[in-house]
Structure formats: C-alpha cells, structure tokens
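Asker: In the numbering used here, the protein residues as written are 3 to 176.
The beta carbon of each residue, even a glycine, is placed where N, CA and C say it ideally should be.
Just so it is clear, the structure is predicted and the values come from calculations on it, not from any experiment.
I have a structure I would like to understand better, so I am pasting it below and will then ask my questions one at a time.
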Amino acid sequence: MASFRDPLQPELVRFPGLWRTRILAGAGLFFAALTAVLGWWFASPTAPSSWKENTVLLGLALWLAACWPREIVCGPVAAEQRQWLGLRKVRIRWDEDPALERKQEFLGLGRWLGLAASVIELSSPAGVIRHTPRHADAERFVQECRRRMEESQQRRAAAGRATGAAPAAEKGKQ
C-alpha cells in the first residue's frame, strides 16, 4: 500500500508499512512461536531442548519484531510513529526544528547482503522516527517533512512579525 491522505482527516498523510513485509514478518513470528511450543510440547525428558536453540528462536523473534514497519503519520503540527509493538509513541513537533537525514539500517549490514538498507531519520530531542525500506513512498516522506518544516518556520516568522519582535540586526540599528 502506498502513502495516502486520511479520508477522515485530510490534513494527515499516512505512511504504512508494506504488506509484503508484514506478511513475511508475521509468518516468521508464527514459525518461531510454533517451533518453541512444539519443542516444549514434544520435548523428551532425556533430551530437552538446549538453551542455544531457545536463544536462536528468541533472537529471531526479536529481530522480526524490530523489522516490523510501524505506521508514520505526518500532520500539520507533528509527525508520529508508534514504537515497539505500540507500547510507546514518538511525536516530533515541526516547531522543534527536527533534523532529516539518510542513514544505513542495522549498521550497514543489509548493504553487504545486497538489500535496500537506506533509512530516513527524522530526529529531535523528543525522539527518532525512521522511514525504512519497509515503508511506502520514501521520497514523498522527505517532501512532506521538508514542506511541513518550512511551513512551521514561516508561521514562526509571521508570528514574530505580528508581535512586533524585530530581528536582532534591526534592533541594533535602532
């Protein structure tokens, strides 16, 4: 699914995760859980499952949970993204002057494997929102963020002029 404007709130633009990724990650999580349950259910008292097998299953489940694409919502006031299974929400306001930059995901390991690993990070002191290769429309996300940041700067400048606050250079001349 591509990014879209919310039909009920047209000022919001949503960037959902790709269905293909959700299906593959969901199948992987199901496989890890099924393997753990079957391993426990059919474990022999003489040959119980080892801690190595359980550690690998737990590592696989954690990696798949980290790869799960969480929806990003860009609105007129802020951008939001839920983190780690929806337990926490990161909200970055446009008036906080967030930084927008491209980085490599998973320390660049995906690039070595020939996978798309470029991540767009919107960061501020409030947190970090990551638009990964598992999200739709990376270029639209960058354009939307830049447009919203410019609008925020223009609103602040207009508010400063409306309150009569003159820039520092003009105050020095007076």
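Classify S5 as buried or exposed, calling it buried when 16 or more other Cβ atoms lie within 10 Å of its own Cβ.
Answerer: Classification for S5: buried.
Asker: Kindly indicate the opening and closing residues of the beta strand (DSSP E) around F17.
Answerer: F17 -> beta strand (DSSP E) spans 15-17.
Asker: Could you check the C-alpha separation between R22 and I94 for me, to the nearest Å?
Answerer: Cα-Cα distance, rounded: 28 Å.
Asker: In the DSSP assignment, what residue or residues form a beta bridge with K91?
Answerer: In the DSSP output, where bridge partners are listed per residue, K91 has R84.
Asker: Suppose the cutoff is 8 Å on Cβ atoms and the five residues either side in sequence are ignored; what does the same chain contact list for R148 look like?
Answerer: Counting only Cβ-Cβ distances below 8 Å, and skipping sequence neighbours, we find L102.
Asker: What's the gap between the Cα of E107 and the Cα of C76?
Answerer: E107 and C76: Cα-Cα distance of roughly 22 Å.
Asker: Check for me: the alpha helix (DSSP H) holding G41 runs from which residue to which?
Answerer: Unbroken alpha helix (DSSP H) run through G41: 21-43.
Asker: Output the distance between the C-alpha atoms of W70 and M151, rounded to the nearest integer angstrom.
Answerer: W70 and M151: Cα-Cα distance of roughly 27 Å.
Asker: Which residue's Cα is closest to the Cα of T134: E123, R142, P127, A128?
Answerer: The shortest Cα separation from T134 among E123, R142, P127, A128 belongs to E123.
Asker: Go ahead and pull the three-state DSSP assignment for H137.
Answerer: Looking at H137 - three-state DSSP - the assignment turns out to be strand.
Asker: Less than 9 Å between the C-beta atoms of S120 and R104, yes or no?
Answerer: Going by C-beta atoms, S120 is nearer than 9 Å to R104.
Asker: Could you check where the alpha helix (DSSP H) with A128 kicks off and where it finishes?
Answerer: Counting along the chain, A128 falls outside any alpha helix (DSSP H), and DSSP gives it neither H nor E.
Asker: One question on the structure: do G30 and L66 come within less than 9 Å of each other, judged by their Cβ atoms?
Answerer: Contact: yes.
Asker: Less than 9 Å between the C-beta atoms of E98 and A128, yes or no?
Answerer: Yes.
Asker: Using a 10 Å radius around the Cβ and a threshold of 16 neighbouring Cβ atoms, would you call A34 buried or exposed?
Answerer: Answer is buried; the Cβ neighbour count reaches 16.
Asker: With the cut-off set at 9 Å, would you say I74 and A68 are in Cβ contact?
Answerer: No, Cβ-Cβ distance for I74 and A68 is not below 9 Å.
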